[in-house]
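Residue numbers (UniProt numbering): 1 to 295.
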């Protein structure tokens, strides 16, 4: 059913006839009459009681039904167009963003603050989740955008936000603390402070250690970078961290030594499902992160 013809019917009734309606909708009377006849044929009903020329057009009972529902359809169409226009102008809308536990404060808090200032009428929901939970939430449609360490593939696409080298965090008086750089093999016998398995960095470190020919020993699992560094300062072991995170949470009693000889790097991305139709609010966030990202 063509909403344009529904509008023609409403104009004919409201105008009292075909002559005035044709002027309002800017088509000829024969074309207008033909459009109504085609609508009647499609619906298999008569919509108008056609009297003598010059008399006011009247609706049949079926015509009254189509007229009433037609008004609702046209009003809903206009409401839809108005909401879409509002979203394009970002004067309304909602954005649900999943944030990685590690690095979000450093990388995304300033962008989120700028976004809120630029688009104050967009409702935002921020959910901190691990990498596995982020992917599941995207697939279920619980979030629209996510941040984290991910290999972009057929299912997800995104943009790289930060590519950071890794450093080894050691107690200040450790025998290796004065080295200019370290290889993974040099800390193979050391107790390790590592993130919990829900963090992408957990599996990344384990994989890199395997490639270097060893499995970390005496692992202490943590969920917060600052607590891990505090454990290093207390002598509980060493820890591998992105350079940016290590600098953010630096404390007295520890040193950061660059890691070399490994492909291990911390690559934070903003990502989303490939087949997902993104909202205007999400597209605006993507553009803002592109503009502010140093990568």
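Beta carbons: idealized from backbone N, C-alpha and C, even for Gly.
Being a predicted model, the structure only gives us computed values, none of them experimental.
{"Query": "Residues sharing a beta bridge with residue 124, DSSP", "Result": "95"}
{"Query": "Three CB pairs or more closer than 8 angstroms across the segment 9-23 and the segment 32-40", "Result": "yes"}
{"Query": "Neighbourhood of residue 13 by C-beta distance below 7 angstroms, restricted to the same chain and skipping five residues each side", "Result": "57, 59 and 67"}
{"Query": "Inside the segment 205-292 only - alpha helix (DSSP H) runs reaching at least 4 residues", "Result": "225-233, 243-248 and 280-292"}
{"Query": "Rounded distance between the beta-carbons of residue 240 and residue 259, thought under 8 angstroms", "Result": "7 angstroms"}
{"Query": "Simplified DSSP assignment, three categories, for residue 101", "Result": "coil"}
{"Query": "Of the listed residues 29, 180, 149 and 84, nearest to residue 129 (C-alpha basis)", "Result": "149"}
{"Query": "Contacts around residue 280, its chain only, beta-carbon distance under 7 angstroms, and the 5 residues preceding and following it disregarded", "Result": "87, 88, 90 and 93"}
{"Query": "Anticipated Cβ contact below 8 angstroms, residue 268 with residue 96, distance rounded", "Result": "About 19 angstroms; that fails the 8 angstroms criterion."}
{"Query": "The segment 43-51 touching the segment 237-257, judged by at least three CB pairs closer than 8 angstroms", "Result": "no"}
{"Query": "Reference residue 189; option with closest CA among 72, 176 and 157", "Result": "176"}
{"Query": "Status (buried if at least 16 other CB within 10 Å, exposed otherwise) for residue 141", "Result": "exposed"}
{"Query": "Among 287, 276, 275 and 208, the one whose alpha carbon lies nearest that of residue 266", "Result": "208"}
{"Query": "Residues near residue 249 in its chain [Cβ-Cβ closer than 7 angstroms; skip 5 each side]", "Result": "225, 226 and 229"}
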